[in-house]
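Visitor: Take any residue in the sequence shown, count from 1 to its spot, add 26: that is its number in the working numbering.
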Amino acid sequence: MGYIAMNRFKIRLGREADFESIWASRESRLKEVPGFREFRLLKGPEAADHRLYSSHVIWDSREDFEAWTKSEQFRAAHRNAGKREGESPIMGHPQFEGFETVLHQA
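1. Nearest-angstrom Cα distance between Trp94 and Pro120?
2. Measuring only the C-alpha atoms, how far is Arg55 from Tyr29?
3. Beta carbon of Ile116, beta carbon of Phe65: below 7 angstroms?
4. Quick one, which of Ala31, Asp75 and Leu67 has its alpha-carbon nearest Gly118's?
5. Taking Pro121 as part of the beta strand (DSSP E), name the residues at either end of that continuous run.
6. Can you list, in chain order, the residues of its chain whose CB lies under 8 angstroms from that of Glu113, leaving out five sequence neighbours each side?
7. Can you name the residues that DSSP bridges to Arg38?
8. State the start and end residues of the unbroken alpha helix (DSSP H) segment that holds Glu113.
9. So the candidates are Ser87, Arg77 and Lys96; which of them puts its Cα closest to the Cα of Leu68?
10. Cβ atoms of Ala31 and Phe91: under 7 angstroms apart, would you say?
See below:
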């Protein structure tokens with residue numbers, strides 16, 4: 027029924043636009059990979075020192091997601107991750123969460 031892969035990011039306050047720009051300008055190549063359905067970048071609540079974001083990708087299956095993580099498209103899309111000048115807008119490493127769909131209503 028589907029698989030949802032999410033990464034949670036803590037973004038430094040005042041750097042939200044920088045983070046969003048990184049995502050908007052990157053070459054994701056997701057549409058080239060079998061099983062990809064949809065991508066969303068979600069902006070969440072603000073805390074004392076950061077704002078929460080989540081990347082949210084829907085796949086046909088866990089196997090499709092895992093194939094993406096081993097693909098040339100994945101390597102190309104993540105080639106320059108963490109290689110930006112100055113202080114990163116991201117605090118620490120993203121937290122991955124993967125979910126199997128057990129109930130879907132549309």
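Ideal Cβ placement from N, Cα and C applies to all residues, glycine included.
A quick note: this is a predicted structure, and the numbers were derived from the prediction, not measured.
Guide: According to the structure data:
1. Counted from its first residue, the sequence shown places residue 94 at position 68. Counted from its first residue, the sequence shown places residue 120 at position 94. Going by the C-alpha atoms only, they are around 18 angstroms apart.
2. Taking the sequence shown and counting its residues from 1, the one referred to as residue 55 is at position 29. Taking the sequence shown and counting its residues from 1, the one referred to as residue 29 is at position 3. Near 18 angstroms, if we compare the C-alpha coordinates of Tyr29 and Arg55.
3. Residue mapping note: residue 116 aligns to position 90 of the sequence shown, counting from 1. Residue mapping note: residue 65 aligns to position 39 of the sequence shown, counting from 1. Against a cut-off of 7 angstroms, the Cβ pair of Phe65 and Ile116 comes out as no contact.
4. Within the sequence shown, residue 118 is the residue found at index 92, counting from 1. Checking every option, the nearest Cα to that of Gly118 belongs to Asp75.
5. As a working note, residue 121 is residue 95 in the sequence shown. A quick correction: the sequence has Gln, not Pro, at residue 121. Start and end: Gln121 to Glu126.
6. Within the sequence shown, the letter at position 87 stands for residue 113. These residues qualify, in order along the chain: Arg38.
7. For the purposes of this step, residue 38 is taken as the residue at position 12 of the sequence shown. Bridge partners of Arg38: His76.
8. Your numbering for residue 113 matches position 87 in the sequence shown. Neither: Glu113 is in no alpha helix (DSSP H) and is coded neither H nor E.
9. Mapped onto the sequence shown, residue 68 falls at position 42. Nearest C-alpha to Leu68: Arg77.
10. For the purposes of this step, residue 91 is identified with residue 65 of the sequence shown, where counting begins at 1. For the purposes of this step, residue 31 is identified with residue 5 of the sequence shown, where counting begins at 1. Result yes, Cβ atoms of Phe91 and Ala31 sit closer than 7 angstroms.
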